[in-house]
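Undergrad: Chains as they are written, first to last, in the working numbering: chain A, 42 to 562; chain B, 42 to 562.
The C-beta atom is built at its ideal place from N, Cα and C for all residues, glycine as well.
Bear in mind the structure is a predicted one, so any value in this text is a computation, not a measurement.
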């Protein structure tokens, strides 16, 4: 670059790194070349190439959930952003701080409606809490800082914490003006509301009380505080069905999980006299059904809110525990490693083997499929952080595992994926291989969209015709997951038996890089 | 279904098939189960499962370009639609008629903001010319008919021809009312404008005239009429750089193609005294550059419009040829099959071998990468329809090939893909295998985003740093395309030499199903 002052792209990247952004999940194109040039000269920012934008956004989500601070994506115009929408939807539901930087044609070029021109802001808005298109080169430094600040600004559920900055090429190549670096960034969670704590304390907690938790209530501090409350009052404690992140395991109080189907949730809630929401929304049915209500809270259950998701729910729980005279610590989970099962593999035995062999302080990212079934066994065996599929858009777990591994290079990351969801964003494997991330992928291979089999029969149809069945069926042809992983540089093995699976998992854990196990369940 | 009158889903599917929809590219979820049940009982509609929604939308695009009539997609809420956005962008740019049916939560369930809830209309609007959310079960039959009519309604470029119908689950399961089936559908192209023909005729065509063609000007009838004009007046005839579909080959007049880079386009246009647009837009730069204008038409070139893209450009050309006293037919291309080259493989020799061996009446879908280089050689050797990457969103060619093969089961379809673009939507291979489609995929494997290498250096940077280079580089790890295809049920071979490639192509053409060749170029 033959210029004396930094161009807009350099001031943008400088602002982002000043604001603490350390990783860039990238799939750039021509309109982003000046930003690539700026990244090339910025050792503080790690560029990570993904071969599909849904991997970029899902990885940024996983990173943000583990770090509590945003990664950036670098995507190519409206089409590149479009490919990332589904995992941005999941990230929005998770409340993950995340900054998208989307290249755009030069301002003067947009009206010519060249082939890649699209309504980028229109595509971004449904998944973003903050959208801005830069208009001049000298605003890029400030715009970038504002984007990080926006991603960290607490907002009420379900606004999310995704900031999308659209950067026209002429703003990137024009003369920049650095943003002042002494600006401060917001705290991610708003202070809890003393009045809400007092109100819940006044109402009183007892064995008929259920604490339903999400957000930062599910950090170690929050779970410990909830454990104190349970010990003091006899209340029950559950996570939502698909919380963004749960820190759990031996040494921490036990915490259950709300089930999935509406009739199961109603069963759990029947008899609950007081439901206390801590960073969670009141339970609603995941889908609508003809015979089920949307709102699953019984009419005679009193609903209190201790904290919204964007508030410091962990702090609120601790204050409530203090108010109610709870002791310093309640009972905690004692580590129990299950015996290794033998014989034919099943979702249950996969859970047991994972719980038997997983290293302490691991991370688990689950998608659709059987992964979630391992929650209870894992909670009894090892400390871990669990990242759930928050928004129901499958294809999230693999990319999230990549992002979590980038955020926490010293921790083993499990990606527990259904075969249907794994196929959506199978390109995450390549990035795991390139970056040599310690991601152990388990594909629960049942060769069908199992949930749809169940849901279809819930319509009352017991005879599934051939044409309908073809839409739930992932066989014909069978997907060879070991070959698919190998084609992208990830070694792996197929396991039909418990013995095979345990041996494969042993090899995976002994490796320093990624590994995939096709678990025949 | 225990009901006497058909439910909304049945009336929806009935309307779609009455309106001529024959293929459903599907990746349904729970909210679409009633529509799956209706499809199960409708032999006139062929359901085709795709393992990622970008394959659904790209295949619907390829189908629509070949048939001139819409296929439908069936996608799962906002997230499923989001995954299809990039190829809908391409389809919009192609003007392809296409109907999206997107499941939504029941109307009463939407306000509860369950995890998959999203602004579906907001996601759809940037890529759709028509968006409707059904509100009652008894409107679904009419809504579906209106969607097909909207997809066929001629609209000015760049509005596109994509209709998106959002179907709440309660509308699908509630009692339906069939739409009257005696309604008529619009013609896809508006009649040409006699005044435009007269105006171009009065201006006169000569050797300084360039006809720039897209839309239905590039059908066989349009190309023949342009050939008559060229023979009569000496004018030149070119397609746009990325036309939706070109019917070309021996027996038809020769037609060139506008190049890609702005300086190349300016070179072609220098000395053009009159530019006649026939279904095409005036040439603009694909991207903005600091040293290039956006509008590439020389200041002293007169620009006339014979037809807009949504008008019958082929008819306008024929009328113009008649007006100018052109003969019945101009010179046509004589078939010349190139000699089979030998030695190391290159993009050029791949073009020659394809041209030497491709069967007559084939279809070619190209994406990024070297495929487009085969246009001239193929034009000299076999009749074919060529489907270009219209919107610049890579990952289109494979899905489009699937759709073209569904539309034209008797024709061989080539998917000519760069390795970068092929990776985006590699799941098209699975659908090609399940449906046993005659799709011959050639992956031009150069292990880099080659265009970005070029574009980056156009910035004036000759020293590409390691971090920038890592973002253009598809090696580390190398992708094994033969293994990736095999993992999804598609046989294939790697070819390092011309001899290997010709042998592999021979095997591919002898097969009744899909085949993939990794061409080392």
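Could you work out which residues of chain A lie near residue 127 of chain B, taking near to mean beta carbons separated by less than 7 angstroms?
TA: Near residue 127 of chain B (Cβ distances below 7 angstroms), the residues of chain A are 120, 123, 124.
Undergrad: Taking C-beta pairs closer than 8 angstroms, name the residues in chain A that residue 210 of chain B reaches, listed in chain order.
TA: Going along chain A in sequence order, the residues near residue 210 of chain B (Cβ under 8 angstroms) are 328, 329.
Undergrad: Quick test of your reading: residue 463 of chain A and residue 422 of chain A, contact by CB under 8 angstroms. State the CB separation rounded to the nearest angstrom.
TA: Not confirmed; about 24 angstroms, so no contact.
Undergrad: Just tell me which of B:392, B:91, B:383, B:109 has its CA closest to the CA of residue 228 of chain B.
TA: It is B:109.
Undergrad: What does the alpha-carbon distance come out to for the pair residue 455 of chain A and residue 489 of chain B?
TA: Those two C-alpha atoms are separated by around 29 angstroms.
Undergrad: With a threshold of 16 other CB atoms inside 10 Å of the CB of residue 385 of chain B, please say whether the residue is buried or exposed.
TA: Per the 10 Å Cβ criterion, exposed.
Undergrad: Can you list, in chain order, the residues of its chain with a C-beta nearer than 7 angstroms to that of residue 480 of chain B? Leave out the 5 residues immediately preceding and following it.
TA: Taken in chain order, the residues that qualify are 442, 443, 446, 454, 456, 473, 555.
Undergrad: Label residue 160 of chain A either buried or exposed according to how many other C-beta atoms from any shown protein chain fall within 10 Å of its C-beta, with 16 as the threshold for buried.
TA: Residue 160 of chain A comes out exposed.
Undergrad: Beta carbon of residue 460 of chain B, beta carbon of residue 413 of chain B: below 9 angstroms?
TA: Contact: no.
Undergrad: Among B:168, B:404, B:163, which residue has its Cα nearest to the Cα of residue 174 of chain B?
TA: Looking at the Cα atoms, B:163 is the closest of the given residues.
Undergrad: Taking only three categories from DSSP, how would you classify residue 276 of chain B?
TA: Looking at residue 276 of chain B - three-state DSSP - the assignment turns out to be coil, as it is neither helix nor strand.
Undergrad: If you check the beta carbons only, do residue 66 of chain B and residue 114 of chain B fall under 9 angstroms apart?
TA: Result yes, Cβ atoms of residue 66 of chain B and residue 114 of chain B sit closer than 9 angstroms.
Undergrad: Examine the Cβ distances between the stretch 493–509 of chain B and the stretch 490–500 of chain A and report whether three or more of them are shorter than 8 angstroms.
TA: Too few Cβ pairs lie closer than 8 angstroms, so no.
Undergrad: Along the chain, where does the alpha helix (DSSP H) containing residue 135 of chain B start, and where does it finish?
TA: Start and end: 126–135.
Undergrad: Check the Cβ of residue 471 of chain A against every Cβ in chain B and list those closer than 8 angstroms, keeping chain order.
TA: Those are 464, 518, 520, listed as they occur along chain B.
Undergrad: When you compare the CB positions of residue 273 of chain A and residue 250 of chain A, do they come within less than 9 angstroms of one another, or not?
TA: No. Outside cutoff.
Undergrad: Please go through the same chain and pick out, in chain order, the residues whose beta-carbon is closer than 7 angstroms to the beta-carbon of residue 98 of chain A, but skip the five residues on each side of it.
TA: Within the same chain, residue 98 of chain A has close Cβ partners 114, 125, 128, 129, 132.
Undergrad: Assign residue 216 of chain A to one of three DSSP states: helix, strand, or coil.
TA: DSSP places residue 216 of chain A in strand when its eight states are reduced to three.
Undergrad: Would you call the CB atoms of residue 466 of chain A and residue 96 of chain A closer than 9 angstroms?
TA: Yes, they are a contact pair.
Undergrad: Checking 9 angstroms against the spacing of the C-beta atoms, do residue 348 of chain A and residue 269 of chain A come in under that value?
TA: Not a contact, by the Cβ cut-off of 9 angstroms.
Undergrad: Could you spell out the range, first to last residue, of the alpha helix (DSSP H) harbouring residue 288 of chain B?
TA: From DSSP, residue 288 of chain B is part of no alpha helix (DSSP H) but of the beta strand (DSSP E) over 287–289.
Undergrad: Check the Cβ of residue 530 of chain A against every Cβ in chain B and list those closer than 9 angstroms, keeping chain order.
TA: Within 9 angstroms Cβ-Cβ: 517, 518, 519, 520, 521.
Undergrad: Tell me whether the beta-carbon of residue 290 of chain A lies closer than 9 angstroms to the beta-carbon of residue 374 of chain A.
TA: Yes; because the gap between Cβ atoms is below 9 angstroms, this pair is in contact.
Undergrad: Which residue wins for smallest C-alpha separation from residue 231 of chain B, given the options B:256, B:155, B:221?
TA: The residue with the shortest Cα to Cα distance from residue 231 of chain B is B:256.
Undergrad: Check whether the stretch 204–222 of chain B and the stretch 287–306 of chain B touch, using three or more Cβ-Cβ pairs below 8 angstroms as the test.
TA: Counting Cβ pairs under 8 angstroms, fewer than three are found: no touch.
Undergrad: Drop a sphere of 10 angstroms on the beta-carbon of residue 405 of chain A, count the other beta-carbons inside from all chains shown, and report buried for 16 or more, exposed for fewer.
TA: Buried is the call here.
Undergrad: DSSP three-state label for residue 459 of chain B, please.
TA: Residue 459 of chain B: strand per DSSP, three-state reduction.
Undergrad: Quick check: the Cα distance between residue 316 of chain B and residue 434 of chain B, rounded to an integer number of angstroms?
TA: Roughly 28 angstroms between the two C-alpha positions.
Undergrad: At which residues does the alpha helix (DSSP H) containing residue 97 of chain A begin and terminate?
TA: Residues 94–108.
Undergrad: Please list, in chain order, the residues of the stretch 86–117 of chain A that have any C-beta partner in chain B closer than 8 angstroms.
TA: Against chain B - using a Cβ distance shorter than 8 angstroms - the residues of the stretch 86–117 of chain A are 88, 90, 92, 93, 95.
Undergrad: So residue 418 of chain A packs on residue 379 of chain A, CB below 8 angstroms; how close in whole Å?
TA: Between residue 379 of chain A and residue 418 of chain A the Cβ distance is about 6 angstroms, and since that is below 8 angstroms, they are a contact.
Undergrad: Out of A:63, A:524, A:166, A:307, which has the shortest C-alpha to C-alpha gap to residue 341 of chain A?
TA: Minimum Cα distance to residue 341 of chain A is reached at A:307.
Undergrad: Quick one: does residue 146 of chain B have its CB under 9 angstroms from some CB of chain A?
TA: So, interface residue.
Undergrad: Start and end of the alpha helix (DSSP H) containing residue 557 of chain B?
TA: First-last for residue 557 of chain B: 556–561, but that is the beta strand (DSSP E), not the alpha helix (DSSP H).
Undergrad: Name the chain B residues whose beta carbon is nearer than 7 angstroms to that of residue 134 of chain A?
TA: Here the neighbours are 156.
Undergrad: Tell whether a beta-carbon distance below 9 angstroms holds between residue 470 of chain A and residue 439 of chain A.
TA: It is a contact, given that the beta carbons lie within the stated cut-off.
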